[in-house]
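Report on the following structure.
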Amino acid sequence: MTVLLSVQSISKGFPGVQALRDVTFEVETGTVHAIMGENGAGKSTLMQVIAGALKPDSGRLIFDGEPLTLSGTRDAAAKGISIVFQELMLAGNLSVAENVFLGVEPRAAGVLVARAEMRTRTKAALARMGIAIDPDQRLGELTIAQQQLIEICKSLVHDPRLLILDEPTSSLSEADALVLFRVVHDLKANGVTILYISHRMREVFENCDTVTVLRDGRHVRTVRLAETDQDEVVRLMVGRDLAGVQRVRPTGAERPIVLSVRDLGDDKRYNGISFDLREGEIVGLAGLIGAGRSELALGIFGAPPPRHGSITLDGKAITIGKPGDAMRMGIGMVPEDRKQQGLVLGLGVGTNLTLSAMGLGHISSLGFVRPGDESRMIRGYVDRFRIKTPSVEQLVGLLSGGNQQKVVLAKWLATKPRVLIVDEPTRGVDVGTKAEIYTLMRELAHDGLALLVISSDLPEVLTISDRILVMRGGVLAGEIPFDEASEERIMALAALEHAEPGDPGAKPPMTYGEAEARS
Amino acid sequence: MSGATEDQGRRSFVSRALRSRETGIILALIIMVIGLSVFAPDFATPDNFLNDSRNFSFVGIVVLGQAMVMITGGIDLSVGSVWGLSAVSSAALMNAGMGTIPACVLALLIAAAFGLFNGLCVTKLRMPPFVPTLATMSIARALALVITRGHSIDGFRPDDSPFFNLGGGAIFGLPNPFIIFVVLSVIASLVLSRSVYGRQLYAVGGNERAARLTGLEVDRLKISVYVISAVLAGVAGIIEVSYLSSAISNQGLGKELSVIAAAVIGGTNLTGGEGTILGVFIGAVILEVLRNGLVLLGTDAYWQGVFVGSVIVLAVFIDQVRKGFWRTR
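From first to last, the protein sequence lines are chains Z and C.
Numbers in the working numbering are just positions in the first sequence, counted from 1, shifted up by 499.
Numbers in the working numbering are just positions in the second sequence, counted from 1, shifted up by 490.
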């Protein structure tokens, strides 16, 4: 195998933090090379150096045998290195073709955009990727997964030899991710080398050839995936043996029902949903993205309230018209997207943490905050959740994803809820913090809190849940008790559109990642 | 970590002061005052200071409300016109024989109605704040003209009426408008920094969706700030009528720009979530000291706008530098 890219002693510092220290490794031509590491390990910084978005302080890059100096991402693209960032950088108001050629529009007569050419070339590029999307469609009308593919298509216009994908699946369901992997494999077959950043261990093992692990800005090891296993990679990432979070069998004692939902529906995204939630129980809510899980959760929380059905709390029928009602009755919700829905990024850690409790008047008299009670509350949760922050006044937007997630959890626990709905508890959170969050949720359940945990991460749902509800197409497809739970069972319920109960021939339409390959 | 709160206590006063957004503009104000005292002999006189303190109070009172609107991510363009409308309506009502207090209260209720209208348009009708407040800016100004028919309203109270004390009088030598401004500032400052309501305003401006999902009554909070802004504009109008002993339809004309300028100089973020009362207070003072200083220095009055404009850009630029310097890692 020939080496396409050689990273030699790259270091990069920012004021107050050394992001990369003396990183050296090689990427072979025509491989899918995974880059893994905890949040803050330096993955994104390294990728930005390779893609020309950042200049290294020292060290050099050898690309295809030649030393490489880059003046910017545009320069990198011209030399055959393209990057697809984690956050979508697309304009929702423009058409697919306009997005693909944004900034590099083919010209007619020097100043005009050659629309016809743009359209044909986009169509060709999409066809090459094997996806059927109309180039004239407005981008905003596409699903997130499709937009992610358009983002890749956009980088393919430059005919890259090295394509960097920074956590492309972080907001995709497993089914959508499969389409993306197919595209990745096609690209590889066509000789494109791919650097692939991901937190999802399984998808790395299924789709990549080699993995490079970074820790605290240092290169730990580059190894062929065939020669290692998941446990070793985790160990390399965290630098210690992670106390693996085990499944814990529910005690079986019948606890009283706290929340009872009957026939809930909004006529659009979810319908006829009924389930019970018992005290001290963690119930997983699985399903594909778009199955209506988050909408259901928001419905219970009154944002907006459902159009049909009834909700009972502690045996009393309740009406929730807005989030404030739910809060006062003891229902909390940690939303799916902490940056958009959970936190005020421009305010401090402490201010965010007390925002919910403050709304309930827990730490105020006559509308004015009691500073002593407030700082006690903040200190208590920062200590208990081990939130890593230089000060409680630090802007919450500057914390790592895992610590931000802890702040959102703390914010809701401060309201002393009876029921807590947690939507995607560990999305974009590193392995170490993930384990902490699981332990925390277990403790809370032990103290009597009823938790409904929505997650698209199958191992997560399996690990954390006492039993699992599965939604499909807006309805409850089934419930899986603890002893029968497996990834196959969940995926079968979540993805099987036309399964007849008792039809033995029914098989999932796709092999969902060969769940058995794991464990 | 457990050391977080102690770290914060240990942080030195100096570093805190440097991080604070107000430090820059306080320094700018001090430099301006010193410079003007040296170069404009008439500047550093008690009379001039007292005069200035009255002058900036009118705009200052309105800035308090504007800052609250801007903290929620909105803007209120109607304050100048609401100022004019409540000025002429209070005078017209007194002229028509109504008692001083009922007339003033009614004038403030009219102002509040405009604020309520703005707030309802922004929340229930989901209009961008620019639109309804631009509309009410036009409507309120027109109504002021309808009431006065272009003439001034004078002689609605005898010359020795206590009403004129409100804007023209003084306590311990300090002009009443200034005292009112300071008292209102202290209240606003306490509300914004210490009350649940104030904290919630910042949250709404910082991330409205998150605020909603945290159970805040976002619509009610937003409506309230437009009402407060309009009422404070009305207060400024009434005090000005008392000071001038006369009301004309173009009172407060163009003041929305001074008010927004003062808020921006004071460090209020137009996109919401940031701003302090101390900041906008100083912003209002800077604007008046600048105007007054330029006059005393004998600068061509036509050039004034150039200086004011430059100060706005400079103030925001300095704020950006400060943020860039202290926040990015």
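C-beta: ideal position from N, C-alpha, C; glycine also.
Inset, instruction - Starting from residue 832/Z, follow the beta strand (DSSP E) in both directions and report where the run begins and ends. - result: Taking the first sequence and counting its residues from 1, one reaches residue 832/Z at position 333. The continuous beta strand (DSSP E) containing residue 832/Z extends over residues 830–833.
Inset, instruction - List the residues of chain Z that residue 699/C touches, going by C-beta distances under 8 Å, in chain order. - result: As a first step, residue 699/C is located in the second sequence; it is residue number 209 there, counting from the start. Counting only Cβ-Cβ distances below 8 Å, residue 699/C has contacts in chain Z at 839, 840, in chain order.
Legend entry - Beta carbon of residue 895/Z nearer than 8 Å to that of residue 854/Z: By 1-based counting over the first sequence, the position of residue 895/Z is 396. By 1-based counting over the first sequence, the position of residue 854/Z is 355. With a cutoff of 8 Å on beta-carbon distance, residue 895/Z and residue 854/Z are scored as not near each other.
Legend entry - chain Z within 8 Å of residue 719/C, Cβ atoms only: The residue you call residue 719/C lines up with position 229 of the second sequence. No - not a single Cβ of chain Z is within 8 Å of the one on residue 719/C.
Inset, instruction - Would you list the one or two residues that DSSP bridges to residue 567/Z? - result: Numbered from its first residue, the first sequence carries residue 567/Z at position 68. According to DSSP, which records beta bridges pairwise, residue 567/Z is partnered with 560/Z.
Inset, instruction - Would you list, in sequence order, the uninterrupted beta strand (DSSP E) runs of no fewer than 3 residues that lie entirely inside the segment 637–670 of chain Z? - result: DSSP runs (the beta strand (DSSP E)) wholly in the segment 637–670 of chain Z: 661–665.
Inset, instruction - Determine, using beta-carbon pairs with one atom in the segment 588–602 of chain C and one in the segment 783–803 of chain C, whether at least three such pairs fall under 8 Å. - result: Taking a cut-off of 8 Å for Cβ pairs, the segment 588–602 of chain C and the segment 783–803 of chain C do not touch, as fewer than three such pairs fall below it.
Inset, instruction - Please confirm whether residue 805/C and residue 755/C have their CB atoms less than 8 Å apart. - result: Here residue 805/C refers to the residue found at position 315 when the second sequence is read from its first residue. Here residue 755/C refers to the residue found at position 265 when the second sequence is read from its first residue. Cβ atoms of residue 805/C and residue 755/C: closer than 8 Å.
Inset, instruction - Indicate whether the contact test is met: 3 or more Cβ pairs, each with one atom in the segment 915–923 of chain Z and one in the segment 789–805 of chain Z, closer than 8 Å. - result: A contact between stretches requires three or more CB pairs, one per stretch, nearer than 8 Å, and the segment 915–923 of chain Z meets this requirement with the segment 789–805 of chain Z.
Inset, instruction - Could you tell me whether the Cβ atoms of residue 577/C and residue 778/C are closer together than 8 Å? - result: As a first step, residue 577/C must be located in the second sequence, where it is residue number 87. As a first step, residue 778/C must be located in the second sequence, where it is residue number 288. For the 8 Å CB-CB criterion, residue 577/C and residue 778/C do not form a contact.
Inset, instruction - Between the Cα of residue 782/Z and those of 860/Z, 951/Z, 736/Z, spot the shortest distance and give me the residue it belongs to. - result: Stepping through the first sequence from its first residue, residue 782/Z is reached at position 283. Measuring C-alpha to C-alpha distances from residue 782/Z to each of 860/Z, 951/Z, 736/Z identifies 951/Z as the nearest.
Inset, instruction - Quick one: using the 10 Å Cβ neighbour count with 16 as the cut-off for buried, is residue 787/C buried or exposed? - result: Counting from 1 along the second sequence, the entry for residue 787/C is found at position 297. Answer is exposed; the Cβ neighbour count stays below 16.
Inset, instruction - Could you work out which residues of chain Z lie near residue 686/C, taking near to mean beta carbons separated by less than 8 Å? - result: Start at 1 with the first residue of the second sequence, and residue 686/C comes out as number 196. Neighbours of residue 686/C in chain Z, taken as residues whose beta carbon is under 8 Å from its own, are 857, 858, 860, 863, 866, 867, 868 in chain order.
Inset, instruction - State the DSSP-derived secondary structure class of residue 512/Z, mapped to helix, strand or coil. - result: Here residue 512/Z corresponds to residue number 13 of the first sequence, with the count starting at 1. For residue 512/Z, the secondary structure class from DSSP, reduced to helix, strand or coil, is strand.
Legend entry - For residue 794/Z and residue 558/C, the rounded distance between their alpha carbons: The residue labelled residue 558/C in the question sits at position 68 within the second sequence. The residue labelled residue 794/Z in the question sits at position 295 within the first sequence. Taking the straight line from one Cα to the other gives about 33 Å.
Inset, instruction - Tell me whether residue 904/Z is buried or exposed, calling it buried when 16 or more other Cβ atoms sit within 10 Å of its Cβ. - result: Position 405 of the first sequence, counting from 1, holds the residue named residue 904/Z. Buried, by the Cβ-count rule.
Inset, instruction - Examine chain Z for any beta-carbon lying closer than 8 Å to the beta-carbon of residue 703/C, and answer yes or no. - result: Position 213 of the second sequence, counted from the first residue, corresponds to residue 703/C. Interface residue, yes.
Inset, instruction - Taking residue 647/C as the query, report the chain Z residues whose CB atoms sit under 7 Å from its CB, ordered along the chain. - result: Stepping through the second sequence from its first residue, residue 647/C is reached at position 157. Against chain Z, the beta carbon of residue 647/C has no neighbour under 7 Å; the closest one sits roughly 37 Å away.
Legend entry - First and last residue of the uninterrupted alpha helix (DSSP H) at residue 652/C: For this step, residue 652/C is matched to residue 162 along the second sequence. Under the DSSP assignment, residue 652/C falls outside any alpha helix (DSSP H); it carries neither an H nor an E label.
Legend entry - Short Cβ contact (8 Å threshold) for residue 804/Z with residue 817/Z: Counting from 1 along the first sequence, the entry for residue 804/Z is found at position 305. Counting from 1 along the first sequence, the entry for residue 817/Z is found at position 318. In this structure, residue 817/Z does not lie closer than 8 Å to residue 804/Z by Cβ.
Legend entry - residue 935/Z in three-state terms, based on DSSP: As a working mapping, residue 935/Z is identified with position 436 in the first sequence. The DSSP-derived three-state label of residue 935/Z is helix.
Legend entry - Where the beta strand (DSSP E) through residue 730/C begins and ends: Translated into the one-based positions of the second sequence, residue 730/C becomes position 240. No beta strand (DSSP E) holds residue 730/C; the alpha helix (DSSP H) holding it covers 708–734.
Inset, instruction - Have a look at residue 724/C and residue 527/C and give me their C-alpha separation to the nearest angstrom. - result: Numbered from its first residue, the second sequence carries residue 724/C at position 234. Numbered from its first residue, the second sequence carries residue 527/C at position 37. Going by the C-alpha atoms only, they are around 34 Å apart.
Legend entry - Rounded straight-line distance, which links the Cα of residue 692/Z to that of residue 532/Z: Start at 1 with the first residue of the first sequence, and residue 532/Z comes out as number 33. Start at 1 with the first residue of the first sequence, and residue 692/Z comes out as number 193. Looking at the two C-alpha atoms, the distance is approximately 8 Å.
Inset, instruction - Could you tell me whether the Cβ of residue 843/Z comes closer than 8 Å to any Cβ of chain C? - result: Within the first sequence, the letter at position 344 stands for residue 843/Z. For residue 843/Z, the closest Cβ of chain C is nearer than 8 Å.
Inset, instruction - State yes or no: is the C-beta of residue 543/C within less than 8 Å of the C-beta of residue 728/C? - result: Locating residue 543/C in the second sequence gives position 53, counting from the first residue. Locating residue 728/C in the second sequence gives position 238, counting from the first residue. No, they are not a contact pair.
Inset, instruction - Taking residue 664/C as the reference, give the member of 813/C, 744/C, 536/C with the closest Cα. - result: For the purposes of this step, residue 664/C is taken as residue 174 along the second sequence, with counting starting at 1. Ranking 813/C, 744/C, 536/C by Cα distance to residue 664/C puts 536/C first.
Inset, instruction - Using a threshold of 8 Å, state whether the C-beta atoms of residue 914/Z and residue 828/Z are closer than that. - result: Your numbering for residue 914/Z matches position 415 in the first sequence. Your numbering for residue 828/Z matches position 329 in the first sequence. Contact flag unset, no.
Legend entry - Short CB-CB distance (under 8 Å) between residue 769/C and chain Z: The count along the second sequence starts at 1 and reaches residue 769/C at position 279. At least 8 Å separates the CB of residue 769/C from every CB of chain Z.
Legend entry - Closer than 7 Å at the beta carbon, the chain Z residues around residue 706/C: On the second sequence, residue 706/C is found 216 positions in, with the first residue counted as 1. Within 7 Å Cβ-Cβ: 858.
Legend entry - Assigned secondary structure, residue 997/Z (DSSP; H/G/I helix, E/B strand, else coil): Residue mapping note: residue 997/Z aligns to position 498 of the first sequence, counting from 1. Interpretation of residue 997/Z is limited by its pLDDT of 42, a score under 50 that renders its predicted location unreliable; no figure is taken from the coordinates.
Legend entry - Proximity to residue 530/Z [Cα-Cα], best of 838/Z, 707/Z, 850/Z: Reading the first sequence from its first residue, position 31 is the one you call residue 530/Z. Here the closest residue by C-alpha is 707/Z.
Inset, instruction - From the DSSP output, read off the bridge partner residues of residue 692/Z. - result: In the first sequence, residue 692/Z corresponds to position 193, counting from 1. In the DSSP assignment, the residues bridged to residue 692/Z are 661/Z.
Inset, instruction - Assign residue 597/Z to one of three DSSP states: helix, strand, or coil. - result: In the first sequence, the residue the question calls residue 597/Z occupies position 98. The answer is helix: DSSP assigns residue 597/Z an H, G or I state.
Inset, instruction - Measure the C-alpha to C-alpha separation of residue 747/Z and residue 542/Z and round it to an integer number of angstroms. - result: On the first sequence, residue 747/Z is found 248 positions in, with the first residue counted as 1. On the first sequence, residue 542/Z is found 43 positions in, with the first residue counted as 1. In a straight line, the C-alpha of residue 747/Z is about 33 Å away from that of residue 542/Z.
Inset, instruction - Using a Cβ-Cβ cut-off of less than 8 Å, list which residues of the segment 563–584 of chain C approach chain Z; keep chain order. - result: Cβ contacts with chain Z come from no residue of the segment 563–584 of chain C.
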